[in-house]
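Protein chains in written order, with my numbering: chain A, 3 to 376; chain B, 3 to 376.
Glycine included, every Cβ here is placed at the ideal spot set by N, Cα and C.
These numbers come from a predicted model, not from an experiment.
What follows is a single structure, written as C-alpha cells, with notes after it.
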C-alpha cells in the first residue's frame with residue numbers, strides 16, 4: 003500500500019516547501035529524514051527532483067515542521083529542514099527567511115492560533131535559531147484569503163501581504179568583528195554576522211557593475227573565482243573557518259553592494275536608480291542569487307545603518323527605517339531598527355519585511371516505504 | 003475564502019502534472035483554463051511558476067483531465083493541457099507521452115477501473131489525438147504500489163514499471179513524405195510525422211558529435227541556429243508551414259541521429275556504445291532536450307525500421323522489436339511493430355515503451371478566485 007502523510011505544499015516568499023504538523027510525522031531521526039527525502043525526490047543524480055515535490059534547487063527543496071508552543075511567549079514553533087538534492091541529508095542548521103513568511107498563514111488556516119478578522123498576529127519561534135518572529139497575517143471570513151494584490155520580486159502574480167517582524171535576530175549582532183569596515187586583499191569589506199554571515203564588498207572598488215544580470219555574472223569565471231576567494235578570506239577573518247579550503251559553501255555568503263543605478267530586472271521591467279537605496283548582488287552556493295536571500299537582506303539593511311560600513315558608504319540613504327534594496331528580480335523593502343547597546347555598539351533590535359505566501363495544495367504527500375527500513 | 007478543487011499531483015515519465023477528475027472542474031472554457039493557470043502559477047514574467055505547482059519548464063507545467071469512457075473500447079479517456087509559462091494560454095493540441103504513463107496508475111488508485119492483482123490493463127483514449135493507449139499497471143493489495151525498482155532516464159530513484167502500448171499512434175503514419183529520405187540544404191534527413199513531427203538529421207554529415215552534453219550543444223550558437231534553420235526548411239517541406247518564419251516552435255522538432263559511441267550521461271554514468279542501438283539528441287523549444295520527448299522516440303524507433311531512412315543507416319540494428327535509444331539522460335527502450343499497409347508502404351502498427359509513474363500528493367489544489375471573473 004502506498005504510504006502517505008498529511009501535509010500542505012506552500013510558497014513563502016521566493017521559496018516553496020512542504021509543511022507538516024509535528025504530530026503527523028515520526029520523532030527526529032533517520033525515519034523522519036527518510037520521509038522528507040522521499041517526499042521531495044532526493045537524492046537525485048540528475049538534480050531535478052522529478053520523482054518528488056522538489057524543484058531542483060535549494061529554494062524549492064525544503065520542509066517545515068510546525069507545532070503549537072509549550073510556553074506563552076509564542077503561539078507556534080517551527081523547524082526548517084533543507085533537503086539536499088544530491089545526498090541523503092536534511093540540514094537543520096539554519097532558518098529559511100522565505101518560508102518563514104508562510105508559517106503564519108499555515109497556522110491560521112490550520113487552526114493553530116486564535117483568529118482575529120483583519121490581521122492576526124502570529125507569534126512564532128524558529129527552532130533552528132531560537133529567533134522570535136511575529137507574522138502579521140491577513141484574515142478574511144475566518145481564514146487566510148490566499149489571494150490579494152501584493153507582488154514580491156521574483157514571484158509571478160500577486161497574493162495577500164504578510165508582514166514579518168524579527169525581534170533581535172541572531173541575538174542582534176550585526177557585525178562579525180568590532181569594526182564596521184575591514185580591508186581584505188586591498189578591498190574594503192564589511193563582515194556581516196546575523197541573521198546570516200555575509201561578506202559585503204565595495205562594488206566600485208572591485209569594478210563590479212551590479213546592473214549586470216545573474217547570468218552575465220555567473221558566466222564570468224574570473225570575477226566568480228575572485229569573489230569566492232574573497233569570501234573564503236572573509237570566512238577566516240570572521241573565524242568561521244580555520245583555513246581557506248575549510249570554509250564551507252553555505253556560509254558566509256558574499257555580496258557586492260553599489261550605489262543605485264538604472265537596471266532591467268529579470269522580468270524585463272526597467273528600474274530607475276530613484277526607486278531604491280542600494281544595489282546588491284549576492285552569491286549563494288557558487289551562483290548569483292536571482293533576488294537576495296532574505297537573511298542577507300536583513301543583515302545588509304542593518305549594516306547600512308552603521309556609520310563607516312561599506313553599505314553605509316554605498317547607500318543613497320542610510321537612516322534606520324524603510325530601506326529599499328535593488329535585487330536582480332526587483333526592489334525588496336526592509337524595515338530596520340538599530341539601537342546602541344550598553345557599550346554604545348549598535349545592535350539589530352528589530353527587522354521587518356513584507357512578503358507573501360500562498361497555499362498551493364493540501365492533503366497527503368507520498369513516500370517510499372521500501373527505503374524507510376534501510 | 004480560499005478556492006480549491008480536488009486533484010492529484012503526479013509524475014509520469016520525466017514530467018509532472020496535476021490530474022483532475024472531469025467531474026470536479028468546470029466545462030471547457032475560460033473558467034476552466036483560468037483555474038489551470040492559477041493552479042500552475044502562470045503566466046509568470048520570471049518563468050519559474052513559484053506561485054503555483056509548476057516547475058518553470060514545459061515538462062512540469064501540465065494538467066490532465068480524466069473521465070470514465072462512454073463507450074466500451076476503452077476504460078478511461080484523458081485530455082492533456084499544456085500550461086504556458088509566459089502567457090495565459092492552455093494548449094490542448096498534443097498528447098503528452100510522459101504523463102500518459104501516469105494516467106493508468108491514476109485510474110487504478112482512483113477506482114476508475116476494475117482491478118486485477120498483479121497487472122491491470124487500463125485501456126485509455128487520449129482525447130487530444132484520439133490515440134488508443136493500453137497501460138499495463140502493477141496492482142498490489144488493491145492499489146498501485148507507488149514504489150518499486152524500475153528506473154528511467156532523467157528521473158532519480160526507482161518506482162513501479164508501467165508498460166504503455168500505443169495502437170497505431172497518429173494513424174500509424176511514420177513519414178511525412180512518400181520518401182524515406184530527403185535532402186535539404188545538402189543534408190540527408192528523414193521527415194518523421196507521427197506521433198510527433200520530427201526532422202531526423204544525419205549526425206556524421208553535419209559533423210555533430212552526439213556525445214556532447216545538452217549544455218555544450220546549447221551554448222554553441224552556430225550549430226543551434228543552423229539546426230533551427232534546417233528545422234524550418236523541414237517544416238515547409240512537410241507542409242506544416244508556408245514559410246520559414248511561419249514555422250512554429252513546438253513542431254516539428256529536430257533531432258540528430260548518429261551511430262552509438264561511448265558517452266557520459268547527465269548523472270555521470272558512463273554508457274558504452276554496446277548498450278544502445280542509436281544515439282539521438284532532440285531540440286525542443288530552442289533547447290536540447292535532457293532526454294528525448296517520448297513521442298519523438300516512438301517516431302524514431304519506427305523510422306529506424308524503414309530501409310533507406312537516415313535512422314536506418316545510423317542504427318546498429320534496425321529490425322522491429324526492442325530498440326534502445328541513447329539520450330543525454332541514459333538509454334530509453336522502445337518496442338516497435340511496423341507493418342506494410344495495403345500498398346506495401348510501412349505504417350506504425352504498435353509501439354511500446356516502459357516508463358514509471360509516482361503519485362506525489364493528493365488532496366486539493368488552490369486557485370485565485372479574483373481573476374476568475376476577469
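Could you name the residues of the same chain whose beta carbon sits closer than 6 Å to that of residue i, not counting the 5 residues immediately before and after it, in chain order?
i	result
residue 330 (chain A)	216, 268, 292
residue 253 (chain A)	199
residue 18 (chain B)	62
residue 2 (chain B)	Nothing about residue 2 (chain B) can be reported from this structure: the residues present for chain B run from 3 to 376 only.
residue 125 (chain A)	76, 77, 136
residue 53 (chain A)	43
residue 105 (chain B)	80, 126
residue 272 (chain B)	266
I want to see whether chain A comes within less than 8 Å of residue i, judged by CB atoms only; does it?
i	result
residue 113 (chain B)	no
residue 270 (chain B)	yes
residue 249 (chain B)	no
residue 96 (chain B)	no
Counting C-beta neighbours from all protein chains within 10 Å, is the total for residue i 16 or more, i.e. buried, or is it exposed?
i	result
residue 155 (chain A)	buried
residue 318 (chain B)	exposed
residue 246 (chain A)	exposed
residue 120 (chain A)	exposed
residue 375 (chain B)	Unreliable positioning characterises residue 375 (chain B) in this predicted model, as indicated by a pLDDT of 42, which lies under 50. The coordinate reading is nonetheless provided below. Residue 375 (chain B) comes out exposed.
residue 183 (chain B)	buried
residue 364 (chain A)	buried
Going straight from the alpha carbon of residue i to that of residue j, what length do you get?
i	j	result
residue 200 (chain A)	residue 230 (chain A)	12 Å
residue 360 (chain B)	residue 34 (chain A)	20 Å
residue 368 (chain A)	residue 44 (chain A)	13 Å
residue 352 (chain B)	residue 167 (chain B)	7 Å
residue 48 (chain B)	residue 332 (chain A)	11 Å
residue 81 (chain A)	residue 14 (chain A)	15 Å
residue 98 (chain B)	residue 22 (chain B)	15 Å
residue 67 (chain B)	residue 24 (chain B)	6 Å
residue 301 (chain A)	residue 75 (chain A)	25 Å
residue 239 (chain A)	residue 286 (chain A)	19 Å
residue 130 (chain A)	residue 11 (chain A)	20 Å
residue 335 (chain A)	residue 141 (chain B)	53 Å
residue 257 (chain B)	residue 210 (chain B)	11 Å
residue 196 (chain B)	residue 89 (chain A)	40 Å
residue 377 (chain B)	residue 370 (chain B)	Residue 377 (chain B) is absent from the model: chain B starts at 3 and stops at 376.
residue 206 (chain A)	residue 260 (chain A)	7 Å
residue 296 (chain B)	residue 113 (chain A)	45 Å
residue 313 (chain A)	residue 149 (chain A)	35 Å
residue 109 (chain A)	residue 116 (chain A)	10 Å
residue 46 (chain B)	residue 170 (chain A)	35 Å
What does residue i touch in chain A if you count any residue whose Cβ is under 7 Å from its own?
i	result
residue 105 (chain B)	The premise fails here: residue 105 (chain B) is roughly 17 Å from chain A at the closest Cβ pair, so nothing lies under 7 Å.
residue 331 (chain B)	48
residue 18 (chain B)	52
Name the chain B residues that come within less than 8 Å of residue i, Cβ to Cβ?
i	result
residue 363 (chain A)	9, 11, 55, 363, 365, 366, 367, 368
residue 127 (chain A)	The premise fails here: residue 127 (chain A) is roughly 26 Å from chain B at the closest Cβ pair, so nothing lies under 8 Å.
Give the residues of chain A in contact with residue i, contact being defined as C-beta atoms less than 9 Å apart.
i	result
residue 157 (chain B)	43, 46, 48, 50, 52, 53
residue 4 (chain B)	111, 145, 146, 147, 148, 149, 361
What in chain B is Cβ-close to residue i, meaning under 9 Å?
i	result
residue 305 (chain A)	The premise fails here: residue 305 (chain A) is roughly 28 Å from chain B at the closest Cβ pair, so nothing lies under 9 Å.
Taking 8 Å as the CB-CB cut-off, is residue i touching chain B?
i	result
residue 60 (chain A)	no
residue 299 (chain A)	no
Ignore the nearest five residues each way along the sequence and tell me which others in residue i's own chain have a CB closer than 7 Å to its CB.
i	result
residue 38 (chain B)	65, 83, 85, 92
residue 366 (chain B)	6, 7, 8, 9
residue 111 (chain B)	145, 146, 361
residue 186 (chain A)	232, 235, 236, 239
residue 107 (chain A)	139, 146, 164, 359, 361
residue 324 (chain A)	335, 337
residue 193 (chain A)	177, 178, 179, 184, 201, 236, 239, 240
Excluding five sequence neighbours on each side, which residues of the same chain lie with their C-beta closer than 8 Å to the C-beta of residue i?
i	result
residue 340 (chain B)	176, 304, 307, 308, 322, 348, 349, 350, 351
residue 27 (chain A)	7, 34, 37, 67
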